[in-house]
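Asker:
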DNA sequence: CAGGTATGGTAATGTACCGTACCAGTCAAG
DNA sequence: CTTGACTGGTACGGTACATTACCATACCTG
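Take a look at the structure:
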């Protein structure tokens, strides 16, 4: 609660969460350099000492915000298995989850800021990539390897194919949302989008009717 | 005075270019807010008056930099036709060009900064999208429409399919380069990457062997 | 060569902000 | 009630920066 009037004392954990929430709004909206500690404090009241006691300095607050936002949003990716009998169903479920994660406000915000700040916080960028797009691609590659072992699909490099699918799911749609050119897709839009991407990934635009030398050749 | 050689007077056009080049290095490396006019001037000598006379203020310099960088890098997309007899060849050529553009230092820099600054410069973000990914997708959609009219491919929504392909070509590779986690791909790597993406886009990972309800359905 | 204009170098002005210090009020324990 | 740790509010030191002002000098025009 952002009571401008004499904000009550808050327990440690609650205040930390409030700081992070306010920091997310400002950092992810304005960017790291353009964000002032005062602007964050204005949103929750209290003293700057709270921030400096809890996070040390501005960098500490930012890194904590990015890592925790990313960890929270991406937690769903790392743990669960993907149910579904056919590869088509598995990929559809995977796509739905990945798209939902990518379009979540938290991760959109992380994307917005990590791009510019990757130079200033290289380890943060690496951590984000490994836990996010990297892990997604890795998990997907495992699924594809299994299908390949079953002789279900024919691709040379499963990891590269996984990257391709992750890229398809990120797409111009994701870019438009990040740039603020359109709102995140509705559930129906997301479903149609995922179905379309998975359809092409599985069957190609030839739809299995045509044949012509694929020209695939790993470097 | 041991100045950098009392920077000689430069012609209007040359100095403007020098300012933009130096601005690109600093803005695209540090981001808009973290960049100081002094840091730009240090790289080329001269007086800050040059910048303020030519671009008005910091915002003017930044918008000029982004629009001109984007226009230059993206010019190749809008003019030329794509030679090639088969759809496969056309898409391969398209993919090579698009990847080369996306990986060019100028556009990598634009990506890095536009993400964070889209909130501050909405019209800049819109212009960038329309002239870049939007136009690429639009051009590609035309190609697909033609192929569809010839009965060569079977897809419902060519524009969405075009977005998917553009997304595949952007991919985790592009993200890694933006985040500074790896250098841009070599020519051979790029060629293999494009061939792989186009192969999947055309034939899918089933390779034309399997059939199962595509489930494609425009929203 | 004279006069004007634009430029290089630097200083000045006003503002914003990080990080810290201080003080008065608040909570919790004894 | 008293004590002490913590916190809200605010002010401060030091710095950096955007933008403007100033002056001496280089170039250009006549």
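Protein chains in written order, with our numbering: chain A, 1 to 219; chain B, 220 to 438. For glycine and all other residues, C-beta sits at the position ideal for the given N, C-alpha and C.
#1: In terms of residues, what are the limits of the alpha helix (DSSP H) holding residue 14 of chain A?
#2: Residue 344 of chain B versus chain A: which residues are under 8 angstroms apart at the beta carbon?
#3: Which residue comes first and which comes last in the alpha helix (DSSP H) that contains residue 144 of chain A?
#4: Just the chain A side, please: which residues come within less than 8 angstroms of residue 385 of chain B by C-beta, in chain order?
#5: What residues in its chain sit with their C-beta under 7 angstroms from that of residue 352 of chain B, if we drop five residues either side in the sequence?
#6: Strictly below 9 angstroms CB to CB, what residues from chain B border residue 204 of chain A?
#7: In chain A, which residues lie with their C-beta within 8 angstroms of the C-beta of residue 364 of chain B?
#8: Can you give me the start and stop residues for the alpha helix (DSSP H) that residue 163 of chain A sits inside?
#9: Note down, in chain order, each residue of its chain lying with its Cβ closer than 7 angstroms to the Cβ of residue 110 of chain A, except the 5 sequence neighbours on either side.
#10: Could you tell me the distance, in whole angstroms, from the CA atom of residue 243 of chain B to the CA atom of residue 343 of chain B?
#11: Residues of the stretch 87-108 of chain A with a CB closer than 9 angstroms to any CB of chain B: list them in chain order, please.
#12: Are the Cβ atoms of residue 400 of chain B and residue 126 of chain A separated by less than 8 angstroms?
#13: Which stretch, first to last residue, makes up the alpha helix (DSSP H) that contains residue 269 of chain B?
#14: With 8 angstroms as the C-beta to C-beta threshold (strictly closer), list the residues of the stretch 335-360 of chain B near chain A in chain order.
#15: State the start and end residues of the unbroken alpha helix (DSSP H) segment that holds residue 97 of chain A.
#16: What's the C-alpha gap between residue 405 of chain B and residue 411 of chain B?
#17: Identify the contact partners of residue 280 of chain B in chain A, using a Cβ-Cβ distance below 7 angstroms as the criterion.
#18: Mind pulling the chain A residues with CB within less than 9 angstroms of residue 288 of chain B?
#19: Could you tell me whether any Cβ in chain A is nearer than 8 angstroms to the Cβ of residue 332 of chain B?
#20: Looking at the unbroken alpha helix (DSSP H) that takes in residue 186 of chain A, where does it start and where does it end?
#21: What are the residues in the stretch 242-261 of chain B lying within 8 angstroms of chain A by C-beta distance?
#22: Just to confirm the assignment, what range does the alpha helix (DSSP H) spanning residue 127 of chain A have?
#23: Just to confirm, is the Cβ distance from residue 301 of chain A to residue 87 of chain A under 8 angstroms?
#24: Which residues of chain B have a Cβ atom closer than 7 angstroms to the Cβ of residue 160 of chain A, listed in chain order?
#25: In three-state DSSP terms, what is residue 45 of chain A?
#26: Taking C-alpha atoms, which residue in B:391, B:375, B:376, B:383 lies nearest to residue 162 of chain A?
#27: Using 8 angstroms for Cβ pairs, my map puts residue 33 of chain A next to residue 77 of chain A. What's the rounded Cβ distance?
#28: If you compare alpha carbons, which of B:309, B:373, B:341 is closest to residue 358 of chain B?
#29: Looking at the C-beta of residue 12 of chain A, does it have a partner C-beta in chain B at a distance below 8 angstroms?
#30: Determine whether the Cβ of residue 394 of chain B lies closer than 8 angstroms to any Cβ atom of chain A.
#31: Among A:27, A:35, A:18, A:74, whose alpha-carbon lies nearest the alpha-carbon of residue 50 of chain A?
#32: Less than 7 angstroms between C-beta atoms, sequence neighbours within five positions excluded: which residues of the same chain meet that for residue 54 of chain A?
#33: Helix, strand or coil for residue 196 of chain A, going by three-state DSSP, please let me know.
#34: Look at residue 283 of chain B and residue 179 of chain A and say whether their C-beta atoms are less than 8 angstroms apart.
Answerer: Based on what the coordinates show:
#1: Unbroken alpha helix (DSSP H) run through residue 14 of chain A: 12-30.
#2: 179, 180, 181
#3: 135-149
#4: 171, 172
#5: 385
#6: 372, 418, 419, 420, 421, 422, 423, 424, 425, 426, 427
#7: Here the premise fails: no neighbours, minimum Cβ distance about 12 angstroms.
#8: Segment 158-178, the alpha helix (DSSP H) holding residue 163 of chain A.
#9: 66, 69, 70, 128
#10: 16 angstroms
#11: Listed in sequence order: 87, 88, 92.
#12: yes
#13: 267-274
#14: 335, 336, 337, 338, 339, 341, 344, 345, 347, 348, 352, 353, 356
#15: 87-103
#16: Distance between the alpha carbons of residue 405 of chain B and residue 411 of chain B is about 10 angstroms.
#17: Ordered by position in chain A, no residue passes the 7 angstroms Cβ test against residue 280 of chain B, which lies about 16 angstroms from the chain.
#18: Residues of chain A passing the Cβ test: none, with the nearest at roughly 15 angstroms.
#19: yes
#20: Segment: none, residue 186 of chain A is in no alpha helix (DSSP H) and carries neither H nor E.
#21: Residues of the stretch 242-261 of chain B whose Cβ lies closer than 8 angstroms to any Cβ of chain A, in chain order: 248, 249, 250, 251, 252, 253.
#22: First-last of the alpha helix (DSSP H) with residue 127 of chain A: 122-129.
#23: Within the shown structure, residues of chain A are numbered from 1 to 219, placing residue 301 of chain A beyond reach of any answer.
#24: 415
#25: coil
#26: B:391
#27: Not really, about 30 angstroms apart at Cβ, beyond 8 angstroms.
#28: B:309
#29: no
#30: yes
#31: A:18
#32: 16, 19
#33: helix
#34: no
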